[in-house]
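Reading through the structure tokens given below for one structure.
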Amino acid sequence: MSSPAIEILGLTKDYPVGFWRKRMRRSLDNLTLQVEEGEVFGFLGPNGAGKTTTLKLLMGLIFPTSGTARVFGRSIDDVAMRRDIGYLPEQPYFYDYLTARELLDYYARFSGLGAADRRARVEKNLERVGLAAVGKVQLRKFSKGMLQRVGIAQAILHDPKVLFLDEPMSGLDPVGRREVRDIILDLKRQGRTVFFSTHILSDAEMLCDRVAVLHSGKLQGMGAPNEIVSIELLGMEILFEAAAGRHLPAALLERATQTGARYRIEVPEADLYATLDQLKSSAARILSVTPVRPTLEDYFFRLVKGGPAPSYAVEVGAR
Amino acid sequence: MTTSSAMPAVVAINTFREAVRDRVLYNLIFFAFLMIGAAILVGQISIGIERLVIINLGLSAISLFGLVMAIFIGVGLVSKEIEKRTLYSLLAKPIRRWEFIAGKYAGLLLTLVVNTAVMTVGVILALCYIGRPYMPYDKEVLIAVYFILLSLALVTAIALFFSCFSSPMLSTLFTLGIYITGVFAEDIRGFGKITKNPAIEGLTKVVYYLVPNFHNFNAIATASHGQLIPLSLIWQNTLYAILYVAVVLLAASAVFSRRNLK
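As you go down the protein sequences, you meet chains A and B in turn.
Numbering-wise (our numbering), the first sequence opens with residue 1 and increments by one.
Numbering-wise (our numbering), the second sequence opens with residue 1 and increments by one.
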């Protein structure tokens with residue numbers, strides 16, 4: 001049986017705090033999860049949840065208090081394992097005296113690539129992240145978004161099997177975010193495993209096969225985005241237009257919000273047919289009827305505000 | 001995979017490139033003007049002792065410029081990379097932390113060697129300007145330069161060591177403190193003997209053996225007076241520097257290998 005792409009086993013990290021550094025603050029608490037080969041896995045959580053700590057532990061930048069992790073069965077302490085991974089740090093910063101081309105060539109040398117191969121890969125990846133035209137410009141002249149693209153290029157340069165991306169959409173404009181999404185989807189098509197942290201939930205919903213939600217260093221839930229958001233039905237949304245010369249019932253108008261000629265109303269599922277009958281009798285034109293479900297965002301905010309995590313999340317997390 | 005020996009070389013070349021791009025070697029232009037000016041001035045006012053003045057001035061300047069570079073670049077070698085987070089993406093590559101330390105050290109040493117070599121050429125040109133023929137003891141000047149390089153190698157290793165766990169400002173203070181103590185190491189031990197106090201004598205003895213003895217690396221006066229530098233001193237200084245640097249770099253690697261990069 002083949003090993004999972006990423007296997008995290010009871011990873012815990014405590015930091016000493018205070019003047020004498022005798023008190024310990026737990027940043028990550030007994031995190032256990034697995035990511036299968038070829039999955040796009042979203043790692044969600046608010047600031048301070050422990051996402052970056054987890055990624056730094058996996059990259060060997062910090063050392064765990066307890067627990068361990070493996071990538072394709074090889075310990076994260078094994079330096080050779082890093083040939084198979086690519087990493088984009090949060091808010092990446094690179095040697096600003098180098099040009100984008102020089103920086104990528106520098107990093108490619110650590111992967112043991114030959115000169116011709118390095119040149120070809122550097123050009124290909126600069127093209128891929130939309131920086132081919134500025135390859136000879138020193139990084140000190142780059143914007144935050146451009147640095148983020150350079151960061152992505154260096155992470156994928158050596159064609160790694162597993163990508164660890166810490167907030168890859170951060171600092172990017174809508175076009176840049178779209179491009180990064182496309183890169184992630186492209187990597188998935190190539191069978192690569194992508195593990196990325198984010199608090200842009202729409203990106204996670206759009207891209208991820210599975211997500212894990214982290215809060216205060218603890219895993220709160222894990223599963224497919226639709227498993228987390230689709231169980232609970234909050235109500236039904238009806239979009240409609242009033243017929244010319246006809247008045248809508250006052251009870252409906254009170255609850256509806258109007259945008260131009262259109263009205264939107266949200267009703268409990270049990271009241272759906274009664275409401276539709278009322279609209280029909282007023283000759284209103286029904287444009288759409290959509291179930292209203294909690295989004296990943298709702299789930300996320302409930303956790304952040306300290307509310308109870310939905311029970312299904314715990315169940316999913318227990319898989 | 002790139003071999004272990006190649007990893008430090010990749011880091012070293014980039015460290016050297018950083019020094020060049022950050023215009024660190026611009027001090028050479030200042031040094032060139034200093035030597036040209038000194039040669040002209042000395043040629044006019046110090047009849048008979050031009051050689052002594054040029055060599056003293058030139059080698060002292062090489063030593064001082066090198067020391068400033070070794071300390072101020074050395075203390076930022078690791079801490080700057082942590083502070084700017086340039087290290088994060090690098091250490092996620094297949095490179096061990098000791099290879100990074102070795103590479104950073106070699107890179108700064110390469111910068112200092114280039115810097116010192118160019119300045120030495122400046123001194124030789126100044127000597128040529130004053131119209132002095134070649135003398136057999138001129139090789140002592142080159143040996144004095146070699147000793148300066150050895151002492152800079154020591155200072156760089158110490159600065160790099162502190163850079164692995166301390167801020168640049170504290171590292172500068174520590175390195176400078178050790179350098180000054182090392183220059184006066186003989187005097188400190190002598191002072192301990194004079195006090196006749198066993199505790200102070202013991203302490204000064206420990207300091208004497210712990211800090212690098214930079215006094216032995218100063219051959220400027222010997223070279224400028226045309227005296228011979230014994231071969232045994234060359235061997236002794238070379239071995240001492242190699243061993244001391246190796247121990248300090250091992251300590252730096254050990255500290256850095258356990259450091260959490262928050």
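Here a beta-carbon is modelled for each residue, glycine too, at the ideal position from N, C-alpha and C.
Check, Outcome
"Minimum Cβ-Cβ distance from residue 63 (chain A) to chain B less than 8 Å", "yes"
"Candidates A:132, A:133, A:123, A:150: closest to residue 139 (chain A) by CA position", "A:150"
"Through-space distance from residue 152 (chain B) to residue 10 (chain B), alpha-carbon basis", "22 Å"
"Closer than 8 Å at the beta carbon, the chain B residues around residue 79 (chain A)", "94, 95, 96"
"Helix, strand or coil at residue 97 (chain A) according to DSSP, with G and I counted as helix", "coil"
"Residue 222 (chain A) burial status per 10 Å Cβ neighbour count (16 or more: buried)", "buried"
"Helix, strand or coil at residue 255 (chain A) [DSSP, three-state]", "helix"
"When A:204, A:13, A:30, A:70 are compared against residue 3 (chain A), the one with the closest alpha-carbon", "A:70"
"N-terminal and C-terminal residue of the beta strand (DSSP E) that residue 130 (chain A) is part of", "Where residue 130 (chain A) is concerned, there is no enclosing beta strand (DSSP E), given that its DSSP letter is neither H nor E."
"Closer than 8 Å at the beta carbon, the chain B residues around residue 190 (chain A)", "What residue 190 (chain A) touches in chain B: nothing, since even the nearest Cβ is about 20 Å away."
"Chain B residues whose Cβ lies nearer than 7 Å to that of residue 82 (chain A)", "92, 93, 94"
"Beta-carbon spacing of residue 193 (chain A), residue 35 (chain A) below 8 Å", "yes"
"DSSP three-state assignment for residue 277 (chain A), whether helix, strand or coil", "helix"
"Residues of the region 263 to 295 of chain A whose Cβ lies closer than 9 Å to any Cβ of chain B, in chain order", "none"
"Collapsed DSSP secondary structure at residue 288 (chain A) in the structure displayed", "strand"
"Supposed close pair residue 157 (chain A), residue 125 (chain A) - CB separation, criterion 8 Å", "5 Å"
"Test: residue 18 (chain B) CB closer than 8 Å to a CB of chain A", "yes"
"Cross-strand partners of residue 183 (chain B) (DSSP beta bridge)", "DSSP output for residue 183 (chain B) lists no bridge partner at all."
"Chain-ordered chain A contacts of residue 80 (chain B) [CB-CB under 7 Å]", "Ordered by position in chain A, no residue passes the 7 Å Cβ test against residue 80 (chain B), which lies about 10 Å from the chain."
"Proximal residues, the region 59 to 88 of chain B versus chain A, C-beta separation under 7 Å", "84, 85, 86, 88"
"Residue 29 (chain B) classed as buried or exposed, judged by whether at least 16 other C-beta atoms fall within 10 angstroms", "exposed"
"Beta-carbon neighbours of residue 151 (chain A), restricted to chain B and to distances below 9 Å", "89"
"Closer than 8 Å to chain B by CB, residue 34 (chain A)", "no"
"Rounded separation between residue 178 (chain B) and residue 141 (chain B) - CA only", "26 Å"
"Nearest candidate by alpha-carbon position, reference residue 110 (chain A), set A:180, A:83, A:210", "A:83"
"Interface partners of residue 260 (chain B) on chain A, CB under 7 Å", "62, 63"
"Sufficient close CB pairs (3 or more, under 8 Å) joining the region 200 to 218 of chain A to the region 242 to 256 of chain A", "no"
"Extent of the continuous beta strand (DSSP E) run through residue 214 (chain B)", "No beta strand (DSSP E) contains residue 214 (chain B), which DSSP labels as neither H nor E."
"Chain B contact for residue 154 (chain A) (CB, 8 Å cutoff)", "yes"
"Residue-chain proximity (residue 89 (chain A), chain B), Cβ-Cβ < 8 Å", "yes"
"Host beta strand (DSSP E) of residue 195 (chain A) (start-end)", "193 to 198"
"Buried or exposed (CB count within 10 angstroms, at least 16 for buried), residue 170 (chain A)", "buried"
"Other residues of its chain near residue 27 (chain B): CB distance less than 6 Å, five sequence neighbours each side excluded", "65"
"Residue span of the beta strand (DSSP E) that contains residue 69 (chain A), given as start and end", "66 to 71"
"Chain A contacts from the region 16 to 46 of chain B (Cβ-Cβ distance under 8 Å)", "17, 18, 21, 22"
"Pair within 8 Å by beta-carbon distance, residue 241 (chain A) and residue 270 (chain A)", "no"
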